[in-house]
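Step one of this worksheet: look at the structure below.
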Amino acid sequence: MKAYSGSCHCGKVRFTAELKLDHVRVCNCSICLMRGALNHRVEKQNFILESPWNDLGIYEWGPKNAKDYFCKICGIMPFRRPGSLTKIEIEQGKIPFEGYAINVRCLQGVNIDQLPIQYINGKELVLDSA
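Those letters in the sequence shown? Residues 1262 to 1391, by the numbering used here.
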C-alpha cells in the first residue's frame, strides 16, 4: 500500500488515497465510456478528502444509487461512490463496495501506461438493488 495525492485539474479539489495500485478499471457503461476515467477502488478508511465537501458538485442519474463527485470550477471527476454490483458480481457472492472509485488519471506521479487494465461490464449493472 502506498499513499497517493490526487486532485482535479485546477487543484481546488484535493485528496489522499492509500492503495495498492496494481490495475485500473475500465467500465463500458455509458457514463464511463463518455468520461474516459480509469478507476481504482479504495476502501473508505483509506480515502481522505483534503478539500471541503461543498467544493464538489454531485452528479446522480437513474436510480441515484451512485454518486459522481466533480469540481465545480474545472468539471473534473476525481472520484466517485460506486452504486450497484454487476449481475456477475452478485452471482459470485461479492459484497457491495462501500468505498470510493478514484480516477487514477487524477493521481500525481502515476504512469498509467504501466498498469494492467481490468474491464468491467457496467452495461450489466443491477440498478434495482433492493
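Using N, Cα and C, we set each Cβ at its ideal position, and we do this for glycine too.
Residue(s) in a DSSP beta bridge with Asp1374: Mapped onto the sequence shown, residue 1374 falls at position 113. None, per the DSSP bridge assignment.
Beta-carbon proximity list for Ile1373, same chain, < 7 Å, skipping 5 on both sides: In the sequence shown, residue 1373 corresponds to position 112, counting from 1. Excluding sequence neighbours, Ile1373 sits near Val1285, Leu1299, Val1365, Arg1366.
Buried or exposed by the 16-neighbour rule on C-beta atoms within 10 Å, applied to Ile1349: As a working mapping, residue 1349 is identified with position 88 in the sequence shown. Ile1349 comes out exposed.
Alpha-carbon to alpha-carbon, Ile1337 and Asp1283: Here residue 1283 refers to the residue found at position 22 when the sequence shown is read from its first residue. Here residue 1337 refers to the residue found at position 76 when the sequence shown is read from its first residue. Their backbone Cα atoms lie some 23 Å apart in a straight line.
Beta strand (DSSP E) runs contained entirely in the region 1263-1288, provided each spans 3 or more residues: 1263-1268, 1275-1280, 1285-1288
C-alpha distance - Pro1377 paired with Asn1289, whole-angstrom precision: As a first step, residue 1377 must be located in the sequence shown, where it is residue number 116. As a first step, residue 1289 must be located in the sequence shown, where it is residue number 28. When rounded, the distance between both Cα atoms is 16 Å.
Contact set for Cys1293: own chain, Cβ-Cβ below 7 Å, skip 5 residues either direction: By one-based count along the sequence shown, residue 1293 stands at place 32. Same-chain partners within the cutoff: Gly1383.
Simplified DSSP assignment, three categories, for Lys1305: The residue you call residue 1305 lines up with position 44 of the sequence shown. Reduced to three states, the DSSP call for Lys1305 is helix.
As assigned by DSSP and simplified to three states, the class of Ile1334: Indexing the sequence shown from 1 puts residue 1334 at position 73. Coil.
is_contact[Lys1384, chain B] using C-beta, thresh 8 Å: Absence of chain B from the displayed structure is noted, only one protein chain being present.
Unbroken beta strand (DSSP E) run spanning Leu1317, endpoints: Looking up residue 1317 in the sequence shown gives position 56. It spans 1317-1320 - the beta strand (DSSP E) in which Leu1317 sits, taken as one unbroken run.
Selected residue, minimal CA-CA separation from Arg1275, among Lys1263, Phe1308, Val1287: As a first step, residue 1275 is located in the sequence shown; it is residue number 14 there, counting from the start. Closest option to Arg1275, Cα to Cα, is Phe1308.
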